[in-house]
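Be aware that the sequence shown starts at 310, since it is given in our numbering, and climbs by one per residue.
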Amino acid sequence: MVDADQTFVIVGGGLAGAKAAETLRAEGFTGRVILICDERDHPYERPPLSKGYLLGREERDSVFVQEPAWYAQNDIELHLGQTVDRIDRVAKTVRFGDDGTLVHYDKLLLATGAEPRRLDIPGTDLAGVHHLRRLAHAERLKGVLTALGRDNGHIVIAGAGWIGLEVAAAARQYGAEVTVIEHNPTPLHNVLGPELGNVFAELHREHGVRFHFGARLTEIVGQDGMVLAARTDDGEEHPAHDVLAAIGAAPRTGLAEAAGLELVDRAHGGGVVVDARLRTSDPDIFAAGDVAAFPLALFDTRLRVEHWANALNGGPAAARSMLGQDVTYERVPYFFTDQYDLGMEYSGWAPPGTYDQVVIRGDAGKREFIAFWVKQGRVLAGMNVNVWDVTEPIQNLIRSAAPVDTEALADPHVPLDSLVH
Numbered sequence: 310m311v312d313a314d315q316t317f318v319i320v321g322g323g324l325a326g327a328k329a330a331e332t333l334r335a336e337g338f339t340g341r342v343i344l345i346c347d348e349r350d351h352p353y354e355r356p357p358l359s360k361g362y363l364l365g366r367e368e369r370d371s372v373f374v375q376e377p378a379w380y381a382q383n384d385i386e387l388h389l390g391q392t393v394d395r396i397d398r399v400a401k402t403v404r405f406g407d408d409g410t411l412v413h414y415d416k417l418l419l420a421t422g423a424e425p426r427r428l429d430i431p432g433t434d435l436a437g438v439h440h441l442r443r444l445a446h447a448e449r450l451k452g453v454l455t456a457l458g459r460d461n462g463h464i465v466i467a468g469a470g471w472i473g474l475e476v477a478a479a480a481r482q483y484g485a486e487v488t489v490i491e492h493n494p495t496p497l498h499n500v501l502g503p504e505l506g507n508v509f510a511e512l513h514r515e516h517g518v519r520f521h522f523g524a525r526l527t528e529i530v531g532q533d534g535m536v537l538a539a540r541t542d543d544g545e546e547h548p549a550h551d552v553l554a555a556i557g558a559a560p561r562t563g564l565a566e567a568a569g570l571e572l573v574d575r576a577h578g579g580g581v582v583v584d585a586r587l588r589t590s591d592p593d594i595f596a597a598g599d600v601a602a603f604p605l606a607l608f609d610t611r612l613r614v615e616h617w618a619n620a621l622n623g624g625p626a627a628a629r630s631m632l633g634q635d636v637t638y639e640r641v642p643y644f645f646t647d648q649y650d651l652g653m654e655y656s657g658w659a660p661p662g663t664y665d666q667v668v669i670r671g672d673a674g675k676r677e678f679i680a681f682w683v684k685q686g687r688v689l690a691g692m693n694v695n696v697w698d699v700t701e702p703i704q705n706l707i708r709s710a711a712p713v714d715t716e717a718l719a720d721p722h723v724p725l726d727s728l729v730h
């Protein structure tokens, strides 16, 4: 058992950091646990920010990982609204950015997450330009969408990734007019490829969303501080009262970089390099969640995963590793979305260029199906759309890494479990 005199510091108060703190106590660690969060809100989960909370279906309090009193009850020293601006790996201290206070650590976890990428174009300083990453962003955007729906207003969304599409769905349900600008030929192109991206394009078109593919925003036009329109590089001008930048997120690696930890090149996705135990290049410093780039032998690659399940599972895995337990973090990537009447879960990793076939089981036209991305008969990823309780067999197929009969894979009458070798 780890000595009770030890201090474990967690930098980052999102889901990964909060679950790591919870796990340390659940595993019997009796030393100091210091959780440092740069937001003033208690640690919360992010999916509701573009789903239930944004739509007004979930209350604000429902997003928090724990009740506020839980931290004191479990002797977690929670520092809200505080930043860390320096790690001294020799002295094993972190420094608070506001007053320079030094805190010693025996083990340190970086769960600093990611931040939204910014549009580098004229007009981004206008009042009607938004991002969605934090609870405060969601609160603001909720009010914006309510007003746009009431006044028949128009929002332009830059980016047809998960956040862009979920906000588009919410905006339409509030009654706002929506135009989505995307430089790829389909939504979600880098995740689903063209075959399945069109399913989401048609879903949104049926609900009145306008898409403008093959273009990028070049300017946001405004007057008296307010947004009037958004211009694209093909000469088009789109009317807008508000603009959402949903062009992805960048890992917050500045602290790790300044400390001299090994990083992944930004051109390859960035992130802090960790091993299968979620240890960084410094054996006393760990990383988890959006910022961690971990090896996944199943795909013979190193991945950085910006999804809820990775934070939910990675934080506890890092905590156990900090305690000296034998940890191998090798979860199959998983994420989900809800848009209008479509619910979806995706497991695996199959970006364009890694697969040679997409196999459909069910009726894609009715949006009740499972899609499998396959290479030489091996299932790399699976996505179930309005079909439930199949995540485990899909992930078992992926983990098996064995070729399957694609005709049987496409046949709804053949149990998925029977295809796992």
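Every residue gets a Cβ at the ideal spot worked out from N, C-alpha and C, and that includes glycine.
Keep in mind it's a predicted model, so treat the numbers as computed, not measured.
Q) Since arginine 481 contacts glycine 517 with CB under 8 Å, what's their CB separation in whole angstroms? A) Confirmed, Cβ separation roughly 6 Å.
Q.
Rounding to the nearest angstrom, what Cα-Cα distance links alanine 565 and aspartate 408 in this structure?
A. Each residue's Cα considered, the two are about 20 Å apart.
Q. Is proline 724 buried or exposed, if buried means 16 or more other CB atoms sit within 10 Å of its CB?
A. Looking at its Cβ environment, which holds fewer than 16 other Cβ atoms inside 10 Å, proline 724 is exposed.
(Q) Quick check on this structure: which residue in Pro625, Gly674, Leu689 and Val713 has the alpha carbon closest to the alpha carbon of asparagine 695? (A) Comparing C-alpha distances from asparagine 695 to each of Pro625, Gly674, Leu689 and Val713 shows the shortest one belongs to Gly674.
Q) Helix or strand or just coil, what does DSSP make of leucine 537? A) Here leucine 537 sits in strand by DSSP.
Q.
As a quick exercise: from Leu621, Arg519, His547 and Pro592, pick the residue whose alpha carbon is nearest that of glycine 569.
A. Per the Cα distances, Pro592.
Q: Identify the continuous alpha helix (DSSP H) that holds phenylalanine 509 and give its terminal residues.
A: Boundaries of the alpha helix (DSSP H) around phenylalanine 509: 498-515.
Q. Where does threonine 715 sit, in a helix, a strand or coil, going by DSSP?
A. Three-state DSSP puts threonine 715 in a helix.
Q. Under 7 Å between the Cβ atoms of isoleucine 319 and alanine 335?
A. Inclusion of isoleucine 319 and alanine 335 in the CB contact set at 7 Å is not warranted, their separation being larger than that value.
Q: Please state whether DSSP places tyrosine 483 in a helix, a strand or coil.
A: For tyrosine 483, the secondary structure class from DSSP, reduced to helix, strand or coil, is helix.
Q. Which one of Val668, Leu435 and Asp650 has the shortest CA to CA distance from glutamate 515?
A. Measuring from the Cα of glutamate 515, the nearest candidate turns out to be Asp650.
Q | Same chain, Cβ closer than 7 Å to tyrosine 664, five either side skipped, listed in chain order | A | Within the same chain, and ignoring the five residues on either side of tyrosine 664 in sequence, the residues whose Cβ sits closer than 7 Å to its Cβ are Trp682, Val683, Lys684 and Leu689.
Q. Which residue's Cα is closest to the Cα of proline 496: Arg395, Ala524 and Asn461?
A. Among Arg395, Ala524 and Asn461, the Cα nearest to that of proline 496 is on Ala524.
Q: Using 10 angstroms around the beta-carbon of methionine 653, count the other beta-carbons present and answer buried if the total reaches 16, otherwise exposed.
A: With 16 or more other Cβ atoms within 10 Å, it is buried.
Q. What three-state label does DSSP hand serine 590 in the structure shown?
A. Serine 590: coil per DSSP, three-state reduction.
Q.
Within 7 Å of any Cβ in chain D, is that where the Cβ of glycine 365 sits?
A. In summary, chain D is missing from the structure at hand, where a single protein chain is found.
Q: Following the continuous beta strand (DSSP E) through proline 548, name the residue where it begins and the one where it ends.
A: Where proline 548 is concerned, the enclosing beta strand (DSSP E) stretches over 546-548.
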